[in-house]
Structures are given as structure tokens and as C-alpha cells.
Amino acid sequence: MRKPRFSDEQIAAILAEAAAGVPAAELCRRHGMSDTTFYTWRSRRWQQDERKSGCAELRRALAQQQEQIRRLRACLENHAGGESISG
Numbered sequence: 001m002r003k004p005r006f007s008d009e010q011i012a013a014i015l016a017e018a019a020a021g022v023p024a025a026e027l028c029r030r031h032g033m034s035d036t037t038f039y040t041w042r043s044r045r046w047q048q049d050e051r052k053s054g055c056a057e058l059r060r061a062l063a064q065q066q067e068q069i070r071r072l073r074a075c076l077e078n079h080a081g082g083e084s085i086s087g
């Protein structure tokens, strides 16, 4: 297996620079890496952070609540004789 070119610490530092507002193109040029590599790292880090923070569960719960509201609104409109319910 090939040895990684960048250590975990280096990857974290590069991603921190990006979070601070340094453009991805500049980071890639400065560190001699492809933009695909950068965006792959960023995507993986975002997924890890999302799992740690529980955002995925909150998003699912919100989607379920929104679906319930849509169903209730449709039911109310049916009982109101087709009048649109604003809200």
C-alpha cells in the first residue's frame, strides 16, 4: 500500500485554512495537490463532523415533521372543500 503524501495533521491544517477563507485553488497550488484531493478531504471531514454532531438525525426528524405537516394540510384542505390553507 502506498504511503500517504499528507499526514492527518497536514490535512487538518489545510482544511482549517480553507475554513478561514483561503480559496481552494490557492491551497491546491501551494501544496501541490489536485482539487479532487482537496474536495475529497473536505467531503470526508464534513461527513465525520455531521456524524459526530448528530445533524443527520436532526435532518431526518425535520423531514418527518415536514411530511406530517404536508399530510395534515392536505387532509384539512380536503375537509375544507378544497379551499387553500395558508401558512
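Heads up, the sequence shown is in UniProt numbering, so the first residue is 1 and it goes up one at a time.
In this text, a Cβ means the ideal position worked out from N, Cα and C, and glycines have one as well.
{"Asked": "Local conformation of Ala13 per DSSP, three classes", "Found": "helix"}
{"Asked": "Candidates Leu15, Gln10 and Arg30, of which the one nearest Asp49 by Cα", "Found": "Leu15"}
{"Asked": "Enclosing alpha helix (DSSP H) for Arg29 [first to last residue]", "Found": "Ala24 to His31"}
{"Asked": "Gly8 and Ala24 closer than 8 Å at C-beta", "Found": "Note that residue 8 is Asp in the sequence shown, not Gly. In this structure, Ala24 does not lie closer than 8 Å to Asp8 by Cβ."}
{"Asked": "Proximity below 8 Å, CB of Arg42 to CB of Ala18", "Found": "yes"}
{"Asked": "Nearest-angstrom Cα separation, counted from Leu27 out to Ala74", "Found": "50 Å"}
{"Asked": "Between the CA atoms of Leu72 and Gln64 - distance to the nearest angstrom", "Found": "12 Å"}
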